[in-house]
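Down below is the structure, laid out as structure tokens.
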Amino acid sequence: MEIEQLKSTATAVRRDILRMVAAVNSGHPGGSLGCTDFFVALYFEVMNRKKDAQGNPIFDMDGRDEDIFFLSNGHISPVFYSVLARAGYFPVKELATFRKLDSRLQGHPTTAEHLPGVRIASGSLGQGLSVASGAAYSKKLNGDKSHVYVLMGDGEQQEGQIWEAAQFAPNKKLGNLTAVIDLNHAQIDGTTDNVNNNRSLADKYRAFGWFVDEMEGNDMAEVIKTLKKAQQDPDVPTMILMHTEMGFGVDYMVGNYKWHGTAPNADQLTQALNGLPLTVGMEDY
Amino acid sequence: MKKYEYTEKKDTRSGFGAGIAELGKSNPSVIALTADLAGSLKLEAFIKDNPDRFIQCGIAEANMIGVSAGLTIGGHIPFATTFANFATGRVYDQIRQSVAYSNKNVKICASHAGLTLGEDGATHQILEDLGMMKMLPNMTVINPCDYNQTKAATLAIAEHVGPVYLRFGRPVIPVFTPADQKFEIGKAWTVNEGKDVSIFCTGHLVWEAIKAGEILSEQGIEADIINIHTIKPLDEEAILASVKKTGCAVSAEEHMINGGLGDSVAQVLARYYPAPVEYVGVHDTFGESATPDQLMEKYGLTADKIVEQVKKVIARK
Numbered sequence: 002m003e004i005e006q007l008k009s010t011a012t013a014v015r016r017d018i019l020r021m022v023a024a025v026n027s028g029h030p031g032g033s034l035g036c037t038d039f040f041v042a043l044y045f046e047v048m049n050r051k052k053d054a055q056g057n058p059i060f061d062m063d064g065r066d067e068d069i070f071f072l073s074n075g076h077i078s079p080v081f082y083s084v085l086a087r088a089g090y091f092p093v094k095e096l097a098t099f100r101k102l103d104s105r106l107q108g109h110p111t112t113a114e115h116l117p118g119v120r121i122a123s124g125s126l127g128q129g130l131s132v133a134s135g136a137a138y139s140k141k142l143n144g145d146k147s148h149v150y151v152l153m154g155d156g157e158q159q160e161g162q163i164w165e166a167a168q169f170a171p172n173k174k175l176g177n178l179t180a181v182i183d184l185n186h187a188q189i190d191g192t193t194d195n196v197n198n199n200r201s202l203a204d205k206y207r208a209f210g211w212f213v214d215e216m217e218g219n220d221m222a223e224v225i226k227t228l229k230k231a232q233q234d235p236d237v238p239t240m241i242l243m244h245t246e247m248g249f250g251v252d253y254m255v256g257n258y259k260w261h262g263t264a265p266n267a268d269q270l271t272q273a274l275n276g277l278p279l280t281v282g283m284e285d286y
Numbered sequence: 002m003k004k005y006e007y008t009e010k011k012d013t014r015s016g017f018g019a020g021i022a023e024l025g026k027s028n029p030s031v032i033a034l035t036a037d038l039a040g041s042l043k044l045e046a047f048i049k050d051n052p053d054r055f056i057q058c059g060i061a062e063a064n065m066i067g068v069s070a071g072l073t074i075g076g077h078i079p080f081a082t083t084f085a086n087f088a089t090g091r092v093y094d095q096i097r098q099s100v101a102y103s104n105k106n107v108k109i110c111a112s113h114a115g116l117t118l119g120e121d122g123a124t125h126q127i128l129e130d131l132g133m134m135k136m137l138p139n140m141t142v143i144n145p146c147d148y149n150q151t152k153a154a155t156l157a158i159a160e161h162v163g164p165v166y167l168r169f170g171r172p173v174i175p176v177f178t179p180a181d182q183k184f185e186i187g188k189a190w191t192v193n194e195g196k197d198v199s200i201f202c203t204g205h206l207v208w209e210a211i212k213a214g215e216i217l218s219e220q221g222i223e224a225d226i227i228n229i230h231t232i233k234p235l236d237e238e239a240i241l242a243s244v245k246k247t248g249c250a251v252s253a254e255e256h257m258i259n260g261g262l263g264d265s266v267a268q269v270l271a272r273y274y275p276a277p278v279e280y281v282g283v284h285d286t287f288g289e290s291a292t293p294d295q296l297m298e299k300y301g302l303t304a305d306k307i308v309e310q311v312k313k314v315i316a317r318k
């Protein structure tokens, strides 16, 4: 996909996120907006996904011979749902059901509602890197050459289980695994530096045996380039530190951790949407 | 009354080891994982035959559960093995979200459950695991009674699609069930028929219930002894059929009374056929270091204790 088209898609996704959380006055816009460019790049440009003759995605739980993705920091479900819908996994209009009774779009992603595109429940933090490692191991056992991607938060790096998985993946030579950390330096209670400083994540992962790379997560071209050059050594997993701005795309949200888990009110929503005009050919859900 | 005899004693964990070794030959999707306890879980034969299908996770149980959930994606059947304490309480949230809620085909296989772990003491003697696991939606919970039943259960859970908690133990105990049995998940086994009292027993307490039945028989009391090897889904029909005949029940398990098999039995009876129930189990206390036999005696998990509770419950009829 052309870079301009990817950027247009990202704008539509950001509008989805804002409208979804505003509609139910709950959910997590900050991290969702910050990770939008990454999700769009991953689903529309980087991953090799199974599609039918019409170009619509085919979803099955096993995901054999296609690249698969896990969201570990499940609270940024709005961006995940919007990108899955816009990639064709389910109708875009279903985004209107987010967090409502009987919806497949639960507050945090789940397999329980059989939403196409979701392969694991997440929300309780720290578990996704282990799950992705298991899926990567499964692909290696199956002789499946495709890749596994997982996104985590930087606050999430405070969970102990992450570091169990951090030892496991390089020791098991899971070179088909690319993990990404959303480094927005913010979590519910404040900045990550103040809450419980992660210190040097790059040095830590390098010491654990990962190939470590960094990228500007709100620069579409750089995200694509960096993701595509990961996984060069078949025996070494890749960890990408993705520098993002929480709330990117909405001026009054940028860099303010208060928007981690707060929805905009009606006026704030209007103001935000005015700053994110749809391009020709794109529509809101 | 049917007499049960045995020619040898074996540990139930070795029944698991034999079962997974057989699965190693018969089912190429089965993967064995452990958290630094391959020897204790009797995985040697599986590992020897299938080195590529064995995953040593090191002392990192939370990661082992997550990796197991991931392995199911792509069609593998992971058997995650460690001591019952580390297989449940330590990783409850990982099991809850990545396995049970996500409904992954993970088999959590837990040895050294209960007091009979012995000298290591209370840190390792989990008595709450059945309760924790049975509360999880989607989870099947199995607690077999001897070597042969554990082996058969191990084979059966590989055929069942969905999360399973399989609990077994360390001590050598009589082998009294048939070697060629087929294990039916959720189907209670009538060990002995009687009209005076129902004894619902599981795990290591089944042999104690059989011995209790013999003592009671000498005193003219006929016990209906039912082995509830599957704690969940519970064979409610078997429980109700037995109690409708006997009018009272005793549960027997190597587990905390809170949350155990007895709780499940009492709930069924309270809802459908109220009847007096007494419990043989651990009363809201941690264990301690000693030999398994000393602990079973001190904490009242013996045939004599079952006999005592039977008399108490019959008096309440």
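Just so you know, the protein sequences line up as chains P and S, in that order.
Using this note's numbering, you'd call the opening residue of the first sequence number 2 and step up by one each time.
Using this note's numbering, you'd call the opening residue of the second sequence number 2 and step up by one each time.
We treat Cβ as the ideally placed atom computed from N, Cα and C, and that holds for glycine.
Compare the Cα-Cα distances from Q159(P) to each of Y138(P), D63(P), I182(P) and report the closest residue. I182(P)
Report the rounded CA-to-CA distance for T35(S) versus C36(P), giving the unit in angstroms. 35 Å
Is there a Cβ of chain S sitting closer than 8 Å to that of L142(P), yes or no? yes
Apart from the five residues on each side of it in sequence, which residues of its chain come closer than 8 Å, Cβ to Cβ, to K246(P)? First, the residue type needs correcting, since residue 246(P) is Glu and not Lys in the sequence shown. Excluding residues within five positions, the ones whose Cβ falls inside 8 Å are G35, N185, N219, V255, G256.
Residues of the region 38-70 of chain P whose Cβ lies closer than 8 Å to any Cβ of chain S, in chain order: M62, D63, G64, R65, I69
Straight-line gap, F169(P) to Y274(S) (C-alpha atoms, nearest Å): 52 Å
Compare the beta carbon distance of P110(P) and A264(P) with 8 Å and say whether it is the shorter of the two. No, the pair does not count as a contact, with Cβ atoms beyond the cut-off.
Neighbour list for Y138(P) in chain S, Cβ cutoff strictly below 8 Å: Those are I56, V68, G71, L72, listed as they occur along chain S.
Cross-chain neighbours of I121(P) in chain S, by beta carbon under 7 Å: A70, S99, S103
Rounded to the nearest angstrom, how far is the Cβ of T239(P) from that of W211(P), given a contact under 8 Å? 7 Å
Note down, in chain order, each residue of its chain lying with its Cβ closer than 6 Å to the Cβ of S265(S), except the 5 sequence neighbours on either side. L235
Of the listed residues A250(S), I74(S), D294(S), nearest to K312(S) (C-alpha basis): A250(S)
Show which residues of chain S have a CB atom less than 8 Å away from the CB atom of K113(P). Contrary to the premise, residue 113(P) reads as Ala rather than Lys in this sequence. The contacting residues are Y102, S103, N104.
Determine whether the Cβ of G25(S) lies closer than 8 Å to any Cβ atom of chain P. no
In the DSSP assignment, the alpha helix (DSSP H) including D50(S) goes from what residue to what residue? 45-50
Note down the Cα distance separating L175(P) from P235(P), rounded to an integer number of angstroms. As the crow flies, the alpha-carbon of L175(P) is around 7 Å from that of P235(P).
Quick check: is the beta carbon of F169(P) nearer than 8 Å to any beta carbon in chain S? yes
Starting from the C-beta of I216(S), find all residues in its chain whose C-beta is less than 7 Å away, skip the five residues before and the five after it, and write them out in chain order. Taken in chain order, the residues that qualify are A304, V308.
Buried or exposed: K141(P), going by 16 or more other Cβ atoms within 10 Å of its Cβ? Buried: at least 16 other Cβ atoms inside 10 Å.
Boundaries of the alpha helix (DSSP H) in which A224(S) is found, first to last residue: Not the alpha helix (DSSP H): A224(S) falls in the beta strand (DSSP E), residues 224-228.
Distance between G122(S) and S252(S) (C-alpha atoms, nearest Å): 25 Å
Where S201(P) and E157(P) are concerned, what is the direct C-alpha to C-alpha distance, given to the nearest angstrom? 14 Å
C-beta atoms of V176(S) and V192(S) nearer than 8 Å: no
Check the Cβ of D236(P) against every Cβ in chain S and list those closer than 7 Å, keeping chain order. The contacting residues do not exist; D236(P) stays about 16 Å from chain S at best.
Tell me whether the region 123-131 of chain S and the region 178-196 of chain S touch, counting them as touching only if at least three CB pairs, one residue from each stretch, are closer than 8 Å. Short answer: they don't touch.
In terms of alpha-carbon separation, which member of V31(S), K10(S), G71(S), L302(S) lies closest to H161(S)? V31(S)
What distance in whole Å lies between the Cβ atoms of T117(S) and E255(S), which are believed to be in contact at a cut-off of 8 Å? 7 Å
Note down, in chain order, each residue of its chain lying with its Cβ closer than 8 Å to the Cβ of A113(P), except the 5 sequence neighbours on either side. Q107, A122
Keeping to the same chain, check which residues put their C-beta closer than 6 Å to that of N295(S); ignore five residues upstream and five downstream. Contrary to the premise, residue 295(S) reads as Gln rather than Asn in this sequence. Once the five neighbours on either side are set aside, Q295(S) has no close Cβ partner at all.
Minimum C-alpha distance to Y280(S) - residue among V269(S), I258(S), M297(S): Checking every option, the nearest Cα to that of Y280(S) belongs to I258(S).
I'd like to know whether the C-beta atoms of S150(P) and P117(P) end up nearer to each other than 8 Å. Rather than Ser, the amino acid found at residue 150(P) in this sequence is Tyr. No, they are not a contact pair.
Counting only the same chain and skipping the five closest in sequence on each side, list residues whose C-beta sits under 8 Å from that of D147(S). Excluding residues within five positions, the ones whose Cβ falls inside 8 Å are K11, T13, G16, I174, P175, V176, F177, T178, V207, W208.
Cβ contact (3+ pairs, closer than 8 Å) linking the region 36-56 of chain S and the region 78-93 of chain P: Flag = no, the region 36-56 of chain S and the region 78-93 of chain P do not touch.
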